[in-house]
Amino acid sequence: MDPVPGLVGFAATLRAAGLACDPERVQAYVAAVEHIDIAVPDQLYWAGRATLCGDPDDLPRYDEAFHAWFTGSAPKPPRQAAAKSQKSVIAALVPSVGQGIGASEPDELGVAASDTEVLRHRDVSDLSPAERAHLRELMVLLKPDPPMRAAFRKEPYRRGELDPRRTLQAMRATGEPIRLNYRRKGKRPRRVVLLVDVSGSMSPYADALLRFAHAVARRTHAEVFTLGTRLTRVSRQLRQRDPEVALAAASRAVPDFAGGTRLGEGLRAFLDRWGQRGVARQAVVVLFSDGWERGDPALLGEQMARLRRLAHAVFWVNPHAGRDGYRPVQSGIVVARKHVEKLLAGHSLATLEELLVEVRRA
806 MDPVPGLVGF
816 AATLRAAGLA
826 CDPERVQAYV
836 AAVEHIDIAV
846 PDQLYWAGRA
856 TLCGDPDDLP
866 RYDEAFHAWF
876 TGSAPKPPRQ
886 AAAKSQKSVI
896 AALVPSVGQG
906 IGASEPDELG
916 VAASDTEVLR
926 HRDVSDLSPA
936 ERAHLRELMV
946 LLKPDPPMRA
956 AFRKEPYRRG
966 ELDPRRTLQA
976 MRATGEPIRL
986 NYRRKGKRPR
996 RVVLLVDVSG
1006 SMSPYADALL
1016 RFAHAVARRT
1026 HAEVFTLGTR
1036 LTRVSRQLRQ
1046 RDPEVALAAA
1056 SRAVPDFAGG
1066 TRLGEGLRAF
1076 LDRWGQRGVA
1086 RQAVVVLFSD
1096 GWERGDPALL
1106 GEQMARLRRL
1116 AHAVFWVNPH
1126 AGRDGYRPVQ
1136 SGIVVARKHV
1146 EKLLAGHSLA
1156 TLEELLVEVR
1166 RA
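Count along the sequence shown from 1, add 805, and you get the number used in this note's numbering.
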């Protein structure tokens, strides 16, 4: 008997319970089951937990759905170990780390939550190693939604224009007049393109921005390129599930980390090879850079004008724009400002979340 329909049905049950069981997770689950003894409940339990759960909050719902679907005796997850691991992550941001988790646990959790909120607004370049580690965990939790565009095909809807084909089909099936069916223009995701400056002046922010690009590429299938002394496409590397593996692969692919900045030449290479052929056409393009251009600023201005004609919207994100007293006087920013929708700050997690809102609205 083929077990795949039952496994897919279990995944559908989890999805109905609120878990983010996308097709990629379901495929990983089915692949994992092929390497275990499906008759052993313990192995089946852990295969599903490792592939279908993406957040600690998913575990109680997964346990309940597993027992209801398979009526097996799979062991409950080790609650004490999970709680200890979660507290250790939170404690990294508590000022009195040496005191440990004592009787005042609710107060300490409140302090941790407050510190996490403060961390969201801190400049990435000013964080300590422990705070950077916690920021990486928060980056993984980002859930960006792609901007939408009108599709050529129309979809059923409760109101709108009359759908004669579906109306006639329903009448033919019943043999008598029934209620009218309607339709509207469908929607499809709009492409997102991220161009990340990895030059020396951007090195304090490069890791955080690439982790942000990983979160966006994983959920929206965005195209990601790095800019320095040359252009490098890292979309394939950043679509890997594990952020550490993805960042390591991207770093191996980029030969000019912490080097010079030739934004105009890099943008021209992007448009000649990728953008003009369709990647940038009607896309939302986000360029992350501080604007320090070592090449010809006039070339950058020409290529930004060219990009603006192709793209649906262009945003420029400068981490230094979030600092008090910042003035957009860098040569790259000066020539590019008239070709972008907005100049945004990208120095903290909160400003990157604001960027996601702007991209979705575009």
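Positions of the beta carbon are idealized from the N, C-alpha and C atoms, including for glycine.
Name the DSSP beta bridge partners of LYS992, please?
ALA955
Buried or exposed (CB count within 10 angstroms, at least 16 for buried), PRO810
exposed
Please look up how many angstroms separate the CB atoms of VAL1090 and VAL998, rounded, as I've assumed it's under 8 Å.
5 Å
How many Å lie between ILE792 and ARG1046 at the Cα?
Past the edges of the chain, shown from 806 to 1167, lies residue 792, and the structure says nothing about it.
Tell me whether the region 965-981 and the region 996-1011 touch, counting them as touching only if at least three CB pairs, one residue from each stretch, are closer than 8 Å.
no
Determine which residues share a DSSP beta bridge with ALA1118 and list them.
VAL1089
Could you spell out the range, first to last residue, of the alpha helix (DSSP H) harbouring ARG788?
Residue 788 lies beyond the residue range present for the chain, which begins at 806 and ends at 1167; the question has no answer from this structure.
Between the C-alpha atoms of PRO861 and VAL1084, what's the straight-line distance to the nearest angstrom?
Each residue's Cα considered, the two are about 36 Å apart.
Rounded C-alpha distance that separates PRO880 from LEU864:
Since pLDDT at PRO880 reaches only 42, below the 50 mark, its modelled position is unreliable, and the value read off the structure follows with that caveat. Looking at the two C-alpha atoms, the distance is approximately 12 Å.
Do GLU1107 and GLY1137 come within 8 Å of each other at the CB atom, strictly closer than that value?
Taking a C-beta distance under 8 Å as the contact criterion, GLY1137 and GLU1107 do not qualify as a contact pair.
Backbone CA spacing between CYS826 and ILE841 [nearest angstrom]:
20 Å
So, for LEU1149: in the same chain, excluding its five sequence neighbours on each side, which residues have a beta-carbon less than 8 Å away from its beta-carbon?
Same-chain partners within the cutoff: PHE1120, TRP1121, VAL1122, ASN1123, ALA1126, THR1156, GLU1159, LEU1160, GLU1163.
Nearest residue (CA-CA) to SER1094, options LEU1000, PRO846, ARG1041
LEU1000
VAL831 to VAL813, Cα distance in whole Å?
7 Å
With 16 other Cβ atoms within 10 Å as the buried cut-off, status of HIS939
Under this definition HIS939 is a buried residue.
My output table needs one value for ASP863: the three-state DSSP class, helix, strand or coil.
helix
With a threshold of 16 other CB atoms inside 10 Å of the CB of ARG1073, please say whether the residue is buried or exposed.
buried
Hey, how far is the Cα of GLY991 from the Cα of LEU946?
29 Å
Rounded to whole angstroms, how far is the Cβ of LEU1032 from the Cβ of GLY1071, which I believe are closer than 8 Å?
4 Å
For LYS1147, which beta-bridge partners are listed by DSSP?
PHE1120
So does the region 953-962 actually touch the region 974-989, counting three or more Cβ pairs closer than 8 Å?
yes
Closer than 7 Å: VAL1090 CB and nearest the ligand ATP heavy atom
With respect to the ligand ATP, the structure offers nothing, as it holds no ligand at all.
Ordered list of alpha helix (DSSP H) runs contained in the region 1028-1065, each at least 4 residues:
1040-1043, 1048-1058
For GLU966, three-class secondary structure by DSSP
strand
Give a yes or no on whether the C-beta atoms belonging to ALA1174 and GLN1042 are separated by under 8 Å.
An answer regarding residue 1174 cannot be provided, because it is not within the stretch 806 to 1167 covered by the chain.
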